[in-house]
């Protein structure tokens, strides 16, 4: 099962909506804002949302990518 690490507000809602639209089953882990260092320690990325795949690999924004 996919796991989504996200904020409960703002742009992360788009990710939840997209996963729901595609009818993908996923677990949610809400994150609090403690800064990029905290996000990197829990997900390997500086920004949220991050998807963690069943095999443990994750996908999110690349550190330093400010688009």
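Residue numbers (our numbering): 138 to 204.
The C-beta atom is built at its ideal place from N, Cα and C for all residues, glycine as well.
Beta-carbon spacing of residue i, residue j below 8 Å
i, j, result
"residue 154", "residue 141", "no"
"residue 138", "residue 164", "yes"
"residue 187", "residue 195", "yes"
Check: residue i C-beta below 7 Å from any heavy atom of the ligand FMN
i, result
"residue 139", "Ligands displayed in this structure: none; no statement on the ligand FMN is therefore possible."
Of the residues the options, the one placed nearest residue i, counting alpha carbons only
i, options, result
"residue 166", "172, 180, 192 and 147", "180"
"residue 185", "160, 162, 174 and 161", "174"
Opening and closing residue of the alpha helix (DSSP H) in which residue i lies
i, result
"residue 155", "149-158"
Residue range of the beta strand (DSSP E) that includes residue i
i, result
"residue 187", "187-189"
"residue 170", "No beta strand (DSSP E) contains residue 170, which DSSP labels as neither H nor E."
"residue 140", "139-143"
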